[in-house]
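Student: Pasting a structure here, questions to come.
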Amino acid sequence: MPIRRHYWNPRADDPRFVDEIRYLYAFNKRQDAGTWSDYHVHSDWGELTWVSAGSIVMSTSFGNFLGQAWRAVWVPPGLQHEWYMPEACANRSLFIHPSALGEASRFTRYHAIELTPLLRELLLAVDDLKLDLRREEDERIGRVLIDRLKCSKEVGAPLLMPHERRLVELCAQALAAPDRPIRLEDWSRELGMSPKTLSRLFIRQTGQTFGRWLRGMRLQQAMSRIEEGRSVTAVALDCGYNSVSAFISAFKKQFGRTPGAVGKGRGADS
């Protein structure tokens, strides 16, 4: 049974940006597990994708990011992308006109952003308060949000993903349950091809073996959870490691830091 049970075409429900004053446009939609977006592009608007509950996988030619309640994904104007919901979630994206970001060059590229408690509350306020940016008090909230966004911390790195839809769906299964044992033989049966054929296809599309991708994905998930403040032991178990020492060793080899050092280095708004 395929993962994708729902489908959403953003062009059929496209936000209408009607004037130059409104440089922020909030998108708020609860979506079911298994929802895919269409492959699309926003030519003139950047998109800050985040979720107030659940998680979202943002996919581009530069790799994939996992967006969560504490981490948003920035998609610059003109970058083709699609997204997938591995679990039911509240999609609380925000479209931002580039003119509001001034000379901040980081917003010309695809990256992930740490959502501190202050930045998260500002994002919620933009939508929940239904800001009218023609009013001085509402415009001030919008400007504070932009200022905090410019000061935000960049976190994580994109995860390379295959581009063939069936492989993306299988990878999304692994993303949704990183502690679950997965074998290439199981995937090949589901796709109706031999393990050797699947292995070659995976390498051709990602530049790495399935085993290496799986280890990297689990460690990316681990980094996200450590940055979120969870304990090293809990993260090791949640990401499929039976030994905490083996997890710490693999984590340090991948990122050059121990999980404990990452946890201590998390910043916060003052």
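Numbering (our numbering), first residue to last: 755 to 1024. No residue lacks a Cβ here, since even glycine has one placed at the ideal position from N, Cα and C.
Excluding the five sequence neighbours on either side, which residues of its own chain have a C-beta within less than 8 Å of the C-beta of leucine 952, listed in chain order?
Tutor: So the list reads Leu938, Trp941, Ser942, Leu945 and Phe964, once near-sequence residues are dropped.
Student: Looking only at its chain, what residues have a beta carbon closer than 7 Å to the beta carbon of valine 729, apart from the 5 residues adjacent to it on each side?
Tutor: Any answer about residue 729 is impossible in this case: the structure gives the chain only from 755 up to 1024.
Student: Using CA atoms only, rank isn't needed, just tell me which of Asp786, Ser847 and Cys843 is closest to alanine 780.
Tutor: Ser847
Student: Looking only at C-alpha atoms, which of Tyr793, Arg784, Thr789 and Ser806 sits nearest to histidine 917?
Tutor: Tyr793
Student: Spell out whether any CB of chain C is found under 8 Å from the CB atom of alanine 1004.
Tutor: The structure shown contains no chain C, having only a single protein chain.
Student: Do you know offhand how far proline 830's Cα is from tryptophan 824's?
Tutor: 20 Å
Student: Within its chain, find whatever has a CB closer than 6 Å to the CB of phenylalanine 1001; leave out the 5 residues flanking it on each side and keep chain order.
Tutor: Ala990 and Tyr995
Student: How far does the beta strand (DSSP E) with valine 811 in it extend, from its first residue to its last?
Tutor: In the DSSP assignment, valine 811 falls within the beta strand (DSSP E) that extends over 810 to 814.
Student: Mark leucine 877 as exposed unless 16 or more other C-beta atoms lie within 10 angstroms of its C-beta, in which case mark it buried.
Tutor: buried
Student: CA-CA distance, valine 873 and leucine 903?
Tutor: Reading the sequence as shown, one finds leucine at residue 873 and not valine. Cα to Cα, the separation comes out at about 7 Å.
Student: Scan the stretch 869 to 945 and note each continuous alpha helix (DSSP H) run of 4 residues or more that stays entirely inside, going in chain order.
Tutor: 871 to 882, 890 to 904, 919 to 930 and 938 to 945
Student: Starting from glutamine 959, trace the alpha helix (DSSP H) both ways and give me its first and last residue.
Tutor: 949 to 960
Student: If you reduce the DSSP assignment to three classes, tell me which class serine 985 lands in.
Tutor: coil
Student: Beta-carbon within less than 8 Å of asparagine 1017's beta-carbon, same chain only, minus the 5 sequence neighbours each way: which residues are those?
Tutor: At residue 1017 the sequence reads glycine, which differs from the asparagine that was named. Ile980, Glu981, Gly983 and Val986.
Student: Near aspartate 798, what residues of its chain come up, given a Cβ to Cβ distance below 7 Å and the 5 sequence neighbours on each side ignored?
Tutor: Pro831
Student: If I measure Cβ to Cβ from valine 772 and keep anything under 8 Å in the same chain, skipping five residues before and after, which residues do I get?
Tutor: Residue placement at valine 772 is poorly supported in this model, since its pLDDT is 41, which falls under 50; the coordinates still yield a value, given next. Contacts found: none.
Student: From the DSSP output, read off the bridge partner residues of phenylalanine 849.
Tutor: Paired residue(s): Tyr779 and Glu801.
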